[in-house]
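Everything in the sequence shown is counted per the numbering used here, starting at 44 for the first residue and increasing by one. Beta carbons: idealized from backbone N, C-alpha and C, even for Gly. Comments concern the structure below.
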Amino acid sequence: MTRSGAERLVGGAGFSNNLPRTAVTALAPLAWGTTYVVTTELLPPGHPLFAGLLRALPAGLVALAFTRTLPSGAWWGRAATLGVLNIGLFFPLLFVAAERLPGGIAATLGAVQPLVVAVLAATLLREGLSLWRAVWGVAGVLGVGLVVIGPNAAFDAVGIVAGLLGAATMALGVTLTKRWQRPAGVSPMAFAGWQLSAGGLFLVPVTFLVERPPPAIDPPAVLGYLWLGLVGGLCAYVLWFRGVIALPVTSVAVLGLLSPLVAALLGALLLDQTLGPIELLGFGLALAAIVAGQLPAPTRPRHPGSQLVPEGATR
């Protein structure tokens with residue numbers, strides 16, 4: 044067998060070995076895709092930061108109480124940094140974009156995150172920048188845009204900046220999570236609990252400065268907050284951070300495209316929103332980008348004596 048054939052075989056075997064973990068990691072953005080319908084149908088309006096606070100802080104405290112594991116040494120600062128990037132800053136920027144822009148445009152701006160992760164992985168992780176990932180990342184953004192941007196979409200400069208900053212903030216958090224890894228002997232639940240707690244504590248003053256008194260909470264809202272906190276918060280972030288550490292970071296980032304697709308699908312099933320031919324085309328394109336983002340890049344024939352730099356290898 045030639046060397047290039049062996050490399051393709053190894054790459055295919057790696058993909059097969061990662062498939063179960065990839066499927067489990069994908070449950071996180073699937074859960075996040077329910078946030079829109081839960082927020083609009085169950086939660087009191089006008090308090091998105093309060094929803095983000097209840098999504099993060101109680102779940103983080105539950106994880107800490109269950110695992111009884113706190114950071115030590117340099118990990119106090121690292122956990123705080125990751126929590127603020129992945130949650131504390133990301134949530135407010137996400138909500139600003141959602142309030143200032145139609146949901147479709149906000150979702151499309153968030154879909155650029157895999158492209159930002161690819162660039163950050165090349166600079167911070169010294170991974171080779173893959174043209175394969177970049178092309179499919181652009182295809183994913185286009186697909187999400189076709190699904191969720193309506194004909195009457197309006198643009199707002201503040202909302203666009205917030206959406207792009209939100210994508211960049213979480214992309215940096217994901218990349219640093221991959222760079223720093225998880226400390227030896229620390230469980231995935233404890234690791235997620237550190238970040239959820241740090242992000243939630245960051246959100247406490249922001250929430251009460253911006254939204255003032257919390258809203259009245261009725262039984263449907265209780266169910267909504269429990270779902271966002273336990274499923275969309277604790278369970279989803281445990282699975283997500285496990286995947287970020289175990290899988291190629293660019294592949295995990297592409298899985299985030301599932302979130303706006305699930306939101307659109309639930310809107311069609313539960314809220315009588317329609318998916319026409321253009322939306323279905325975009326749906327298929329985004330799914331193709333997600334699948335392609337998990338595959339090893341095709342190898343090109345090499346001339347004798349040329350030096351191979353595998354995709355994702357450090358330089």
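Classification of T166 by the beta-carbon crowding that lies within 10 angstroms, buried from 16 upward
Indexing the sequence shown from 1 puts residue 166 at position 123. T166 is exposed by the Cβ-count criterion.
Just verifying my parser: in three-state terms, what is the DSSP assignment at E322?
As a working note, residue 322 is residue 279 in the sequence shown. In this structure, E322 counts as helix in the three-state DSSP scheme.
The alpha helix (DSSP H) enclosing E84, as first and last residue numbers:
Sequence index remark: in the sequence shown, residue 84 carries index 41 (1-based). From DSSP, the alpha helix (DSSP H) with E84 extends over 78-85.
Quick check: the region 97-110 against the region 236-255, are there 3 or more CB pairs under 8 Å?
Touching, per the Cβ criterion.
Measuring straight from C-alpha to C-alpha, what distance separates A200 and L304?
As a first step, residue 200 is located in the sequence shown; it is residue number 157 there, counting from the start. As a first step, residue 304 is located in the sequence shown; it is residue number 261 there, counting from the start. Take the alpha-carbon of A200 and the one of L304: they are about 25 Å apart.
Exposed or buried, which one is Q337 when buried takes at least 16 other CB atoms within 10 Å?
What you label residue 337 is simply residue 294 of the sequence shown in a count that begins at 1. It is buried - the Cβ of Q337 has at least 16 other Cβ atoms within 10 Å.
Given a cut-off of 7 Å, decide if L300 and G183 are closer than it, judged by their beta-carbon atoms.
Here residue 183 refers to the residue found at position 140 when the sequence shown is read from its first residue. Here residue 300 refers to the residue found at position 257 when the sequence shown is read from its first residue. Going by C-beta atoms, G183 is nearer than 7 Å to L300.
Do three or more CB pairs link the region 65-74 to the region 269-282 at distances below 8 Å?
yes
Let's see if you can read the secondary structure: which residues bound the alpha helix (DSSP H) around L282?
The sequence position of residue 282 within the sequence shown is 239, counting from 1. Start and end: 279-289.
Taking its Cβ as the centre, do 16 or more other Cβ atoms sit within 10 Å of W119, making it buried, or is it exposed?
Reading the sequence shown from its first residue, position 76 is the one you call residue 119. So W119 ends up on the exposed side.
Only counting the same chain, and skipping five residues up and downstream in sequence, which positions put a Cβ closer than 6 Å to that of P353?
In the sequence shown, the residue the question calls residue 353 occupies position 310. Reliability fails at P353, whose pLDDT of 47 lies under 50, so the model's placement of it is uncertain and no value is given.
Environment of E170 [buried if 16+ CB atoms lie within 10 Å]:
Along the sequence shown, read from residue 1 onward, the residue named residue 170 stands at position 127. With 16 or more other Cβ atoms within 10 Å, it is buried.
For my contact list, R64 and A289 are in at a C-beta cut-off of 8 Å; report their separation, rounded to the angstrom.
By one-based count along the sequence shown, residue 64 stands at place 21. By one-based count along the sequence shown, residue 289 stands at place 246. With 8 Å as the limit, R64 and A289 qualify as a contact, their Cβ atoms being about 6 Å apart.
Alpha carbon of W223 to alpha carbon of V187, nearest angstrom:
Position 180 of the sequence shown holds residue 223. Position 144 of the sequence shown holds residue 187. Their Cα atoms are separated by approximately 31 Å.
Report yes if the CB atom of G202 is closer than 7 Å to the CB atom of R255, and no otherwise.
Numbered from its first residue, the sequence shown carries residue 202 at position 159. Numbered from its first residue, the sequence shown carries residue 255 at position 212. No, these two residues do not count as a Cβ contact at 7 Å.
Going by other Cβ atoms of all chains shown within 10 Å of its Cβ, with 16 needed for buried, is E322 buried or exposed?
The residue labelled residue 322 in the question sits at position 279 within the sequence shown. So E322 counts as buried.
Residue of L92, P258, L128, T212 minimising C-alpha distance to V139:
As a position in the sequence shown, residue 139 is number 96, starting the count at 1. When only C-alpha atoms are compared, the closest one is L92.
Assuming L219 and L125 are in contact, meaning their beta carbons sit under 8 Å apart, how far apart are those beta carbons, in whole angstroms?
Numbered from its first residue, the sequence shown carries residue 219 at position 176. Numbered from its first residue, the sequence shown carries residue 125 at position 82. Between L125 and L219 the Cβ distance is about 6 Å, and since that is below 8 Å, they are a contact.
Residue interval of the alpha helix (DSSP H) (run including A165)
One-based indexing of the sequence shown puts residue 165 at position 122. 156-167 is the span of the alpha helix (DSSP H), which, as asked, contains A165.
Using 7 Å as the threshold, is the C-beta distance between Y280 and A211 below it?
The sequence position of residue 280 within the sequence shown is 237, counting from 1. The sequence position of residue 211 within the sequence shown is 168, counting from 1. No. Outside cutoff.
Looking at C-alpha atoms only, which residue of L62, L104, V81, T112 is the closest neighbour of G267?
Residue 267 sits at position 224 when you count from the first residue of the sequence shown. Residue V81 is the option with its Cα nearest to G267.
Can you check which of these residues, N61, L62, E84, is closest to L313 by C-alpha distance?
On the sequence shown, position 270 is the one that residue 313 refers to. Considering only alpha carbons, the answer is E84.
Span of the alpha helix (DSSP H) around R176:
What you label residue 176 is simply residue 133 of the sequence shown in a count that begins at 1. Per DSSP, R176 belongs to the alpha helix (DSSP H) from 174-191.
Given this structure, state the Cα-to-Cα distance separating F109 from P226, to the nearest angstrom.
Here residue 109 corresponds to residue number 66 of the sequence shown, with the count starting at 1. Here residue 226 corresponds to residue number 183 of the sequence shown, with the count starting at 1. Distance between the alpha carbons of F109 and P226 is about 18 Å.
Close Cβ partners of A177 (< 7 Å) along its chain, the five nearest in sequence each way excluded:
Translated into the one-based positions of the sequence shown, residue 177 becomes position 134. Hits under 7 Å: L158, A161.
Excluding the five sequence neighbours on either side, which residues of its own chain have a C-beta within less than 6 Å of the C-beta of L208, listed in chain order?
For this step, residue 208 is matched to residue 165 along the sequence shown. Answer for L208: L136, listed in chain order.
Grouping DSSP H, G and I as helix and E and B as strand, with all else coil, what is L62?
If you number the sequence shown from 1, residue 62 lands on position 19. Correct three-state label for L62: helix.
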